[in-house]
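Each remark here refers to the structure printed beneath this line.
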Amino acid sequence: MGVFSKIFTWWNGSTVGTSWTLMRRGRKVGQDEFGNTYFEARDAKDSYDGRKRRYVTYTGYAEPSKIPPEWHAWMHYITDVPPSEQPLARQPWEADHQPNFTGSGRAYRPKGAIVHDTGAQKQQDHYQAWVP
Amino acid sequence: MPTAKVNGQEVEFENGMTVLQVAELAGEEIPRFCYHERLSIAGNCRMCLVEVKPGPPKPQASCALPAMDGQEITTNSPKVKKAREGVMEFLLINHPLDCPICDQGGECDLQDQAMAYGRDGSRFAENKRAVEDKEMGPIIKTEMTRCIQCTRCVRFITEVAGSPQIGATGRGEDLEITTYLESAVTSELSGNVIDLCPVGALTSKPYAFQARPWELKKHEGIDVMDAMGSWIRIDTRGPDVMRVLPRQNDEINEEWLSDKSRYAIDGLRTQRLDTPYVRQKGKLKPATWDEAFAAIESQLSGADAKTIGAIAGDLNEVEGLKAALDLFRSLGVQNTDCREAGAVYGAPGAPRESYLFTCGFEGLEQADAVLIIGSNPRLEAPVLNARLRKMWLKGSAEIGLVGPVMDLTYGYDHLGDEAGALEDLAKGKGAFAKVLKAAKRPALIIGTGALSRPDAAAILNAISEIAQKYKVVREGWSGWNLMHTAAGRVGALDLGFVPGKGGMDTAKMLAAAKAGKLSTLFVLGADEAVADADLGESFVVYVGHHGDAGASKANVILPAAAYTEKPGMYVNMEGRVQAMGRCVFPKGEAKDDWAIFRALSERLGKTLPYDSLADLRARLIADHPTFGRLGYAPEPQGFDLTALASKASKISTKPLTGAVDNFYFTNAIARASQTMATCAKLQSEAQPTNANAKVTA
């Protein structure tokens, strides 16, 4: 991420203002497997509700659904111990976390959606032909 | 006539009308769930509350209240509004909020009326009632928690369908709709309870979770599963026919439809012919249209027209047959027939009335004596059978039957299994002879099963004697009714798709094929005719839409369109000409029937003089003016019954069975349908319910 996009875009990583605030008032708590970095305020001076504010700076495009579930719990004050200190037990059936793909090319389309129907060849799906 | 005031507006009404009907006359819409025009009045949903003066101070259920002269009816007062909101709130207490996953969503009476007449929220915080789902067979899917106990289904099944298999147990909140014996509903009309259900308690099982009503394109159509020509609505999505619903037509199907007409449509997706085939070295191989036509051309070149034959099937529309007939006649082919083997009705030159249901379905209700000969109306035309049951319930007609004893859902005098009973009637013997003698409007319902057997000519002779003796055709009344089973047959007969001069009929053609005297046989979707026939060495050209009996015997297969896939005209057994449009496109390489024959005619050097469907129809109407009048049944007309008499008099002792053996397998589409197969399996396992068949002889 270059200096140019750091200054002129607000949707990549953190803005200059956020970085300044975090440097001044934040304490780095940890980093997840995607490189998103988590911060907590040193005190509750600018809090809305008496709790210390928690922050995330994203790697690349700022998209909240990139936060994996264990960090999501910490961000939302569900837990106070960050997963960097006490990692969540990973179950064998757990899949890797993925951001929400809605609106992108990788968005989920149910079977039978019109986008899957590509031309006459697919018409075969709608009926079963007789075979002598 | 008495008058009443509806919201201050004076309305005249007929004696015996209910307050709800009077309000409708005045153009006021009354919400209702349990009330239905064609069913008895239950008055248990309480949604139709209105204020009535003079009368008690509380709102009254208008559906069950007779209107009286000078009554003041108020349907829009705050009191009525509050009453409706109250009823709606009570109904919704025990109704689940599962509209997003409910198949009725978007066409639900409860949803609509909750929007129009309900409160915006619920004050009910307690637990909702839950009801166990009931098994009602392969057609009806149940979700009984959604039931609001309107009892429309119970009333339909007992009153109209006449097979009382659905009922209610328990009282109040514990009232549940159930099949008494936890068995499937086996009535041929059972699908109608799905339409009647105002909520999502009874929904269609084959259609479950397939589509939403707003995604569907609706097409008006004509049903071809029986010869009634019922009005249907065909709902399609993309290239698929998703469902078939009845349209209202009081003269034909009222607003009912048989299960076959509704649910055989999944057969339109299986066993389809989507490319031409040519048999090479004993095996059918996919081919192009050009190759298929070339094979027919080389077969027909130099062939004697006397050794070429054509048999038309049960589902053919008029246009395709017209093109085919014009082509065959121009080739000099006289061996053409549209009837089943051995049929004696509709012979060349016979009056049109002799093969029609002349008094019409609505006209039949005026009859005071009905004699059914060799037909099972319940299987051959279930919706017409419901009309006969209605007549029986009203007590307006005495019904007699010659044929095997069966459960017709109404009582009848059984006059005998065999044609001997006809001779007795012709001589005036027996109790029913007196009934016929006394009748002012006697009607005969003659099954085509009785008229297509080896001794059919003698049977027709006996029936015509009965008709003459009891003056079935008289001034202002004609009760000569042929019960057809094939949607395409009357149209084909009107067209003259019968043996030409010196031509062979179906039975003779099949016999000639077996004997090797027929070089080429065109089978236009006539799977039933050739199913059990040995066609010998004949070159068989099959034109049709399903891989059924005909296709497997063919040397060349030309894929055509099914009834939902082509614009076409059909003539029902009343003689009513009806037209429908194309709903979806033919599958794969398949083409409209008329276009196939037009293309083939060019190939054979006998180009037909029309290039478009409009030209063809213009030509058709010019040749046969009958087809120029759409949608009307012909006026009941008499004809010379002596024209049907013949010298044949030897009648065998075989019982006069109906033409339909298995209701669920009467045509290629139904035979390809999974749903129909399930229904047929269930029907064969079920115990025959004879509760209603009160045989009184």
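Chains as they are written, first to last, in my numbering: chain A, 1 to 132; chain B, 1 to 697.
The beta-carbon is built from N, C-alpha and C at its ideal position, and this holds for glycine as well.
Keep in mind the model is a prediction, meaning the values are calculated, not measured.
Buried or exposed by the 16-neighbour rule on C-beta atoms within 10 Å, applied to residue i
i	result
Q113 of chain B	buried
L202 of chain B	buried
A531 of chain B	exposed
I114 of chain A	exposed
T653 of chain B	exposed
M88 of chain B	buried
Y48 of chain A	exposed
M115 of chain B	exposed
D250 of chain B	exposed
D103 of chain B	buried
G221 of chain B	buried
T3 of chain B	exposed
R243 of chain B	buried
G8 of chain B	exposed
M23 of chain A	exposed
L273 of chain B	buried
N667 of chain B	buried
Reduced DSSP secondary structure (H/G/I, E/B, other) of residue i
i	result
Q366 of chain B	coil
M580 of chain B	strand
A120 of chain A	Low local confidence applies: a pLDDT of 47 at A120 of chain A is under 50, so the model's placement there is unreliable, and no value is given.
E220 of chain B	strand
Y55 of chain A	strand
D548 of chain B	coil
N481 of chain B	strand
T151 of chain B	coil
N690 of chain B	The predicted model places N690 of chain B with a pLDDT of 49, which falls under 50 and marks its position as unreliable, so this point remains unresolved.
N703 of chain B	Because chain B in this structure spans residues 1 to 697, residue 703 of chain B falls outside the shown range and cannot be described.
M406 of chain B	coil
K681 of chain B	helix
R129 of chain B	coil
M225 of chain B	coil
T21 of chain A	helix
F101 of chain A	coil
P586 of chain B	coil
E63 of chain A	coil
V523 of chain B	strand
S5 of chain A	helix
F432 of chain B	helix
H414 of chain B	strand
Beta-ladder partner(s) of residue i, from DSSP
i	result
L52 of chain B	Residue identity check: residue 52 of chain B is Val in the sequence provided, not Leu. Its beta-bridge partners are B:I73.
R243 of chain B	B:D235
I557 of chain B	B:Y277 and B:Y542
T336 of chain B	B:A310
N249 of chain B	B:E254
N385 of chain B	DSSP lists no partner for N385 of chain B.
S298 of chain B	The partner list for S298 of chain B (beta bridge, DSSP) is empty, contrary to what the question assumes.
V6 of chain B	B:Q9 and B:I73
P66 of chain B	B:T18
M569 of chain B	B:A579
Q31 of chain A	A:T37
Presumed contact (8 Å Cβ cut-off) between residue i and residue j, rounded CB distance
i	j	result
G191 of chain B	C108 of chain B	At roughly 18 Å, the Cβ-Cβ gap does not stay under 8 Å, so G191 of chain B and C108 of chain B are not in contact.
N572 of chain B	G313 of chain B	In fact, because the Cβ distance is near 17 Å, the residues do not count as touching under 8 Å.
T778 of chain B	E51 of chain B	There is simply no residue 778 of chain B to check, as chain B begins at 1 and stops at 697 in what is shown.
E565 of chain B	W289 of chain B	Going by Cβ atoms, the distance from E565 of chain B to W289 of chain B rounds to 17 Å, so no, they are not a contact pair.
L482 of chain B	Y345 of chain B	6 Å
A645 of chain B	N461 of chain B	6 Å
F33 of chain B	V22 of chain B	20 Å between Cβ atoms; not a contact.
D527 of chain B	G500 of chain B	Going by Cβ atoms, the distance from D527 of chain B to G500 of chain B rounds to 24 Å, so no, they are not a contact pair.
Exercise. Any residues in the segment 228-246 of chain B with a beta carbon nearer than 9 Å to a beta carbon of chain A? Which ones, in chain order?
Worked result: Residues passing the 9 Å Cβ filter: G238, P239 and D240.
Exercise. Along the segment 589-623 of chain B, what residues have a CB closer than 9 Å to any CB found in chain A?
Worked result: With the criterion set as a beta carbon lying under 9 Å from some beta carbon of chain A, the segment 589-623 of chain B has no members that meet it.
Exercise. Name the residues in the segment 646-677 of chain B whose C-beta lies less than 8 Å from a C-beta of chain A; which are they?
Worked result: Within the segment 646-677 of chain B, no residue qualifies.
Problem set entry | Contacting positions in the segment 573-587 of chain B - beta carbon closer than 8 Å to chain A | Considering only beta carbons, the part of the segment 573-587 of chain B lying closer than 8 Å to chain A consists of K587, in chain order.
Exercise. Got a sec: which bits of the segment 329-347 of chain B sit with their beta carbon under 9 Å from any beta carbon on chain A, in order along the chain?
Worked result: Cβ contacts with chain A: none found.
Problem set entry | chain A contacts made by the segment 251-280 of chain B, where a contact means CB separation under 7 Å | Per Cβ criterion, the list reads R269, T270, Q271, R272, L273, D274 and Y277.
For this session: Could you list the residues in the segment 541-559 of chain B with a C-beta less than 8 Å from some C-beta on chain A, going in chain order?
Result: Of all residues in the segment 541-559 of chain B, H546, G547, A551 and S552 have a Cβ within less than 8 Å of some Cβ in chain A.
Exercise. Listed in chain order, which residues of the segment 104-116 of chain A have Cβ atoms closer than 9 Å to some Cβ of chain B?
Worked result: Taking 9 Å as the Cβ-Cβ cut-off against chain B, the residues of the segment 104-116 of chain A that qualify are I114.
Problem set entry | Where the segment 444-465 of chain B meets chain A: residues whose CB sits under 7 Å from a CB there | So the list is empty, because no residue satisfies the distance condition.
For this session: Please name the residues in the segment 371-401 of chain B whose beta-carbon is closer than 7 Å to at least one beta-carbon of chain A, in chain order.
Result: From the segment 371-401 of chain B, no residue has a Cβ closer than 7 Å to chain A.
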